[in-house]
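Before any comments, here is the structure.
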Amino acid sequence: MDTPRNRERFIAGAVCPRCSEMDRIVVSVNGETRRCIACGFSEGRPEDNPLPLPTRVSRPAARRVETTAEVVKLVDPASSGKTEG
Ligand SMILES: [Zn+2]
Numbered sequence: 001m002d003t004p005r006n007r008e009r010f011i012a013g014a015v016c017p018r019c020s021e022m023d024r025i026v027v028s029v030n031g032e033t034r035r036c037i038a039c040g041f042s043e044g045r046p047e048d049n050p051l052p053l054p055t056r057v058s059r060p061a062a063r064r065v066e067t068t069a070e071v072v073k074l075v076d077p078a079s080s081g082k083t084e085g
């Protein structure tokens, strides 16, 4: 097992929001994720989160999807007819 030791850097004066330990927060080499080496807390940057959000979805076909989700299927355990050995 090779542990990447130089991949993360300590943030001077950073306090962990979970365990409140100082100088335990390390940042990844690209600076997108932070991690606490004391309690294992890890998080990404919420302000710079590249989520695949669907932009400009104003098509009338989207309303049909809502009506099709009203189908409720009930499964009776007695109609399964399985025997447990
Ligand atoms: Zn911590």
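Each residue of the sequence shown is one higher than the one before, starting from 1 at the first, in this note's numbering. Glycine included, each C-beta is placed from N, C-alpha and C at the ideal position.
When you compare only the Cα positions, how much space is there between residue i and residue j?
i     : j     : result
Ala14 : Val29 : 16 Å
Glu21 : Lys73 : 51 Å
Glu8  : Val27 : 5 Å
Glu43 : Asp23 : 16 Å
Ala12 : Ile37 : 14 Å
Phe41 : Arg18 : 7 Å
Ile25 : Gly31 : 12 Å
Ala78 : Cys16 : 53 Å
With a threshold of 8 Å, establish whether the CB of residue i neighbours any heavy atom of ligand 1.
i     : result
Glu21 : yes
Gly13 : no
Gly40 : yes
From the options, pick the residue whose C-alpha is nearest to that of residue i; which is it?
i     : options                : result
Phe10 : Thr33, Cys19 and Pro77 : Thr33
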